[in-house]
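Those letters in the sequence shown? Residues -10 to 96, by this note's numbering. All residues carry an ideal CB built from backbone N, CA and C; glycine is no exception. Step one of this worksheet: look at the structure below.
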Amino acid sequence: QPPQYSQMPPQPYYPPQYNTPPAGYVQKSRIAAGLLAIMFGVFGVHNYYLGFNTRGTIQLIVSLAGGLLTCGVATVAVLIWAFIEGVMILSAQPSRMYDGNGVILRD
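Here you go:
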């Protein structure tokens, strides 16, 4: 019987996280991101600011197009989603302490 060769399952890719920013990189503000999420989060502005463009686009499309199709229910859902993200950013949750490039946020 021939030997059984098995392939290792693929490991998920996580971008590196930097506790000190690379040279010349301008750190994003945690307070600015949190306030953007609370005030304009329904449009995904905070995610664009942090570099999470896909997530920001999803929030924008669901808020506008989904809001029209569901008579505003989708917009309210995105509003709640953005408010929770803003509180998590401002409360310094470890999972929300890095921007889209993996650089830690400044206070």
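**Request:** Output the distance between the C-alpha atoms of residue 79 and residue 30, rounded to the nearest integer angstrom.
**Result:** 13 Å
**Item:** Beta-carbon separation (whole angstroms), residue 110 vs residue 33, contact threshold 8 Å
**Value:** Because the chain here runs from -10 to 96, residue 110 falls outside it and cannot be looked at.
**Asked** Taking the runs of the alpha helix (DSSP H) that are 4 residues or longer, which of them lie wholly in the stretch 9 to 52?
**Response** 19 to 29, 34 to 39, 42 to 50
**Request:** Please classify residue 88: is it buried, with 16 or more other beta-carbons within 10 angstroms of its beta-carbon, or exposed?
**Result:** buried
**Message:** In whole angstroms, give me the CA-to-CA distance for residue 0 and residue 70.
**Reply:** 29 Å
**Prompt:** At which residues does the alpha helix (DSSP H) containing residue 69 begin and terminate?
**Reply:** 62 to 79
**Request:** State the beta-bridge partners of residue 95 as determined by DSSP.
**Result:** 18
**Asked** Among 18, -2, 5, which has the Cα closest to the Cα of residue 96?
**Response** 18
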